[in-house]
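Enquirer:
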Amino acid sequence: MKITKVEVFLLHAKFVYVKVDTDGGISGWGEAAFHGERLTAQVLETLGQQVIGLNPLNTDALWQDLFRSGYRIGSTGAYISAISALDIACFDIKGKALGTPIWNLLGGKFRDRVPVYSSLMERHLSPQRDVEKVLARMEQGYSWVKLHTATAWSFDQGKDGTIETVKALRDHCGDYNQLKILVDVNQAYMVPGAMRVGKALGELEVSHFEEPIAPWDLDGYNQLQAVLDVPIAAGEQEYNLWQFRDLITRGNADIIQPNITSCGGYTQGMKIAALAEAYNRPMTCHNTDPALMTVVHLHLWAACQNCVYPQEYYGEDRHPLRDQTPVLKTPLEVIEGHIVVPNGPGLGVEIDEEMIREIAWRD
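Here the working numbering is used: the first residue of the sequence shown is 2, the next is one more, and so on.
#1: Within 10 angstroms of its Cβ, does residue 28 collect 16 or more other Cβ (buried), or is it exposed?
#2: In three-state DSSP terms, what is residue 124?
#3: DSSP has residue 181 in a bridge; who is on the other side?
#4: Which partner residues does residue 102 have in the DSSP bridge list?
#5: Residue 143 to residue 174, Cα distance in whole Å?
#6: In this structure, what does DSSP give as the bridge partners for residue 210?
#7: Any idea if residue 177 is buried or exposed, counting beta-carbon neighbours within 10 angstroms, 16 or more meaning buried?
#8: If we count Cβ pairs, one from each stretch, closer than 8 Å, do we get three or more for the stretch 270-281 versus the stretch 300-318?
#9: Which of the three DSSP states, helix, strand or coil, is assigned to residue 284?
#10: Starting from residue 33, trace the beta strand (DSSP E) both ways and give me its first and last residue.
#11: Can you round the beta-carbon distance between residue 311 and residue 118 to whole angstroms, since I take them to be within the 8 Å contact cut?
#12: Is it buried or exposed for residue 127, if we count other Cβ within 10 angstroms and need 16 for buried?
#13: Would you kindly check if the distance between the Cβ of residue 90 and the Cβ of residue 362 is under 8 Å?
#14: Looking at the unbroken beta strand (DSSP E) that takes in residue 339, where does it start and where does it end?
#15: Leaving out five residues before and five after residue 1 in sequence, what residues of the same chain have Cβ atoms less than 7 Å from its Cβ?
#16: Pick out the complete beta strand (DSSP E) segments inside the stretch 273-323, 3 residues or longer, and give them in chain order.
#17: For the structure I just gave you, are there three or more beta carbon pairs, one from the stretch 97-110 and one from the stretch 122-138, closer than 8 Å?
#18: For residue 18, report the span of its beta strand (DSSP E) as first-last.
#19: Excluding the 5 residues flanking residue 157 on each side, which residues of the same chain have their C-beta closer than 6 Å to its C-beta?
#20: Taking the alpha carbon of residue 346 as the point to measure from, which residue in 103, 150, 223 and 352 has its own alpha carbon closest?
#21: Starting from residue 68, follow the alpha helix (DSSP H) in both directions and report where the run begins and ends.
#22: Quick one: is residue 188 buried, meaning 16 or more other Cβ sit within 10 Å of its Cβ, or exposed?
#23: Taking the C-alpha atoms as reference points, what is the distance between residue 354 and residue 241?
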């Protein structure tokens with residue numbers, strides 16, 4: 002089998018999808034997650050031409066060829082995100098060719114359905130408004146909720162109502178047994194600010210404190226982990242196996258958070274999972290797209306023993322790829338805080354290609 006065509010789709014000028022066709026009549030889909038969406042799409046277009054004529058079933062060798070060919074560019078950002086999308090699409094093809102779901106290619110599954118937490122994206126709401134939103138999610142069956150608080154990437158200089166908001170949730174939504182609270186500040190602090198807020202979150206029994214400081218400050222992460230009671234979660238800004246090695250061994254993060262649509266696809270995602278398992282670290286992936294990205298991660302979550310905590314799922318009421326212009330013909334359902342793992346070949350879902358072509362951004 003050989004790859005004959007690669008098409009890249011930039012959806013809503015924000016989401017990067019790829020379709021890989023083969024001479025065997027089988028096509029696969031993938032997604033690349035990176036904030037530089039147009040740059041990622043351009044890199045993906047270039048790499049797509051590089052894989053024409055190659056065997057999509059030979060996933061590890063194909064991954065290594067792509068990774069090494071761009072060594073002068075670097076091993077992070079748009080480049081590795083583009084490789085991720087192609088790798089995922091090739092696994093989709095492999096699963097379809099063999100008539101088996103991707104989780105089976107990864108070694109089988111530990112769970113038939115995956116627990117998820119509701120990830121609320123709006124920042125700087127009043128504590129009362131956050132309480133209202135969390136109570137609504139609890140009524141929908143969620144017992145784990147993540148707040149995005151403080152001012153992202155402000156390093157102790159932005160607006161911050163984190164402690165006040167979490168206190169309000171504890172007062173109005175219940176104790177630890179009733180509601181597990183996760184807090185993501187997206188690098189809002191330097192070490193002193195993170196230390197102050199983290200101590201308060203520990204007293205409020207927060208289940209994890211995500212990205213408190215800049216990802217390159219591994220010594221700072223180690224300082225926080227040594228002192229704080231609240232578990233430190235990180236990994237959204239790591240793009241390769243070696244960065245995750247350093248996050249674990251130097252940063253000493255408690256919970257590892259890869260996003261396999263930006264850190265190397267399934268080929269590298271399983272290696273990161275094995276690395277985390279070797280250091281007895283749980284994984285809870287970064288996952289902010291409730292459509293294809295969630296499907297991609299469902300297979301990894303099912304296949305990894307150390308994905309023991311609920312996984313991230315977009316918690317706002319509307320998302321363009323799920324609600325306004327749905328790209329999955331059968332949307333994913335969250336039932337009692339769980340999503341069933343697909344059992345069909347490859348990714349196990351049907352992509353609405355007509356919708357994707359309709360909403361794709363064009364020059």
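The C-beta atom is built at its ideal place from N, Cα and C for all residues, glycine as well.
Expert: Checking against the coordinates, here is how it stands:
#1: buried
#2: coil
#3: 145
#4: 347
#5: 12 Å
#6: 184 and 233
#7: exposed
#8: yes
#9: strand
#10: 28-33
#11: 4 Å
#12: exposed
#13: no
#14: 339-341
#15: Nothing can be reported for residue 1: it is not among the residues displayed for the chain, which extend from 2 to 364.
#16: 312-315
#17: no
#18: 16-23
#19: 190, 191 and 194
#20: 103
#21: 60-70
#22: buried
#23: 30 Å
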